[in-house]
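Sequential numbering from 99 applies to the sequence shown in the numbering used here. Don't be surprised by glycine CBs; every beta carbon is placed ideally from N, CA and C. All values derive from a computational prediction rather than experimental measurement. Below is one structure, written out as structure tokens; comments come after it.
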Amino acid sequence: MTKRITVAKTSEIPLNEARAFPVGDRMVAIFNQAGVFHAMDDFCPHMGASLAGGWIEDGTVACPWHAWRFSLADGCWLDNPKIKADIFQVFVVDDEIQVEIPDE
Ligand code: FES
99 MTKRITVAKT
109 SEIPLNEARA
119 FPVGDRMVAI
129 FNQAGVFHAM
139 DDFCPHMGAS
149 LAGGWIEDGT
159 VACPWHAWRF
169 SLADGCWLDN
179 PKIKADIFQV
189 FVVDDEIQVE
199 IPDE
């Protein structure tokens, strides 16, 4: 089972930037890539940097600490897709950004 949680207003995330929000017991980074929103675990699988502080380009985010690049579409590290950050489905309802997370 899953549930949807409202995490932010669309106006809170400037174009081509990201912000991190608490969702349950973790932080989720919401990316605004050219007006399309993506959600990914904010915790970099390498050493835990906040991916919301990364550089967004061409459908990827580059981690601010060591520049590992992750696909915003599936969370995979581009150099080795076996390593990935969790991603979450995003729904925009009016001006709210909702993410779908496992119902624990
Ligand atoms: S902590 Fe993200 S690449 Fe090292």
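Of the listed residues Gly-157, Asp-177, Trp-163, nearest to Ala-171 (C-alpha basis): To locate residue 171, count along the sequence shown from 1; it is residue 73. For the residues Gly-157, Asp-177, Trp-163, the minimum Cα distance to Ala-171 belongs to Gly-157.
The segment 133-149 touching the segment 183-196, judged by at least three CB pairs closer than 8 Å: yes
Whole-Å CB distance - Ile-195 paired with Val-105, under 8 Å assumed: Along the sequence shown, read from residue 1 onward, the residue named residue 195 stands at position 97. Along the sequence shown, read from residue 1 onward, the residue named residue 105 stands at position 7. So it is a contact: roughly 6 Å between Cβ atoms.
Residues surrounding ligand 1 [beta-carbon distance to nearest heavy atom under 7 Å]: Cys-142, His-144, Met-145, Gly-146, Ala-147, Cys-161, Trp-163, His-164, Ala-165, Trp-166
For Ala-106, the first and last residue of its enclosing beta strand (DSSP E): Against the sequence shown, residue 106 aligns to sequence position 8. Per DSSP, Ala-106 belongs to the beta strand (DSSP E) from 100-107.
Ordered list of beta strand (DSSP E) runs contained in the segment 137-198, each at least 3 residues: 153-155, 158-160, 167-169, 178-182, 185-191
Residue nearest to Gly-133 in terms of C-alpha spacing, selected from Gly-146, Ala-116, Met-145: Numbered from 1 along the sequence shown, position 35 holds the residue referred to as residue 133. Per the Cα distances, Ala-116.
Nearest-angstrom beta carbon gap, Gly-151 and Pro-162 [assumed within contact, 8 Å]: Counted from its first residue, the sequence shown places residue 162 at position 64. Counted from its first residue, the sequence shown places residue 151 at position 53. Correct: roughly 4 Å between the Cβ atoms.
Cα-Cα separation, Ala-118 to Ala-147: The residue labelled residue 118 in the question sits at position 20 within the sequence shown. The residue labelled residue 147 in the question sits at position 49 within the sequence shown. So the two alpha carbons sit approximately 12 Å from each other.
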